[in-house]
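Beneath this line is the structure, given in structure tokens, with notes to follow.
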Amino acid sequence: MNLAYAYPKSRFEPAVLVDLNARAERERLSKSALKGFFKLVAAWQLRDEDARELLGGLSSSTFYEWKKNPERVLEVDRITRISYLLGIYKALHILYGDKLADEWVTLPNKNAVFGGRTPLSQMLAGGLLAMQTVRKLLDARRGGL
């Protein structure tokens, strides 16, 4: 008699985690990540200076080279930043209409997380951890957490 406990079967299968430390995974993801990032920058109407800072502080020349030719392998930090930002973009478009979704990051916000600042200024000041916080906030609002 087998007395071992087991979880009931379900249709949910956890996603396989991507190992961003593996160069092959970063090679696979980098080009599409950059293309998505630059589309997000256009949709949010971000200044190039702000976009460069969201990527972790790129020089102007590197930023414009990446914009012109996204074929490169990004570091783990940059792929992670882009992942958070694209997740924020997706969550906003689930929660709001397109116009508000694209303006949301530049509007002052009374939520305690932002203290009257814009989500963009919060992310620029707080970097990767602030992006993670904004992403978690929006995922919680849409019921994803």
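Residue numbering for the sequence shown is -16 to 128, as defined by my numbering. For each residue, glycine too, the CB sits at the ideal point set by N, CA and C. For clarity, every value in this text was computed on a predicted model and none was experimentally measured.
Residue nearest to residue 13 within the set -9, 50, 33 is 50 (criterion: CA-CA distance). Membership of residue 22 in the alpha helix (DSSP H) is indicated by the continuous run 6 to 27. Setting aside the 5 residues that flank it on each side, residue 65 is surrounded in the same chain by 16, 20, each with a C-beta closer than 6 angstroms to its C-beta; the list follows chain order.
The DSSP-derived three-state label of residue 110 is helix. Under the three-state reduction of DSSP, residue 54 is assigned to coil, being neither helix nor strand.
Contact check for residue 122 and residue 74: beta-carbon distance about 6 angstroms, within the 8 angstroms limit, so the pair qualifies. Around residue 101, the same chain offers 88, 89, 90, 91, 92 as residues with beta carbons nearer than 8 angstroms, after the five sequence neighbours per side are excluded. Per DSSP, reduced to three states, the secondary structure at residue 85 is helical. Distance from the CA atom of residue 86 to the CA atom of residue 24, rounded to whole angstroms, is 12 angstroms. Across the set 11, -5, -7, -6, the C-alpha of 11 shows the shortest separation from the C-alpha of residue 1.
The residues 14, 17, 18, in chain order, have a CB closer than 6 angstroms to that of residue 53 in the same chain once the five nearest residues on each side in sequence are set aside.
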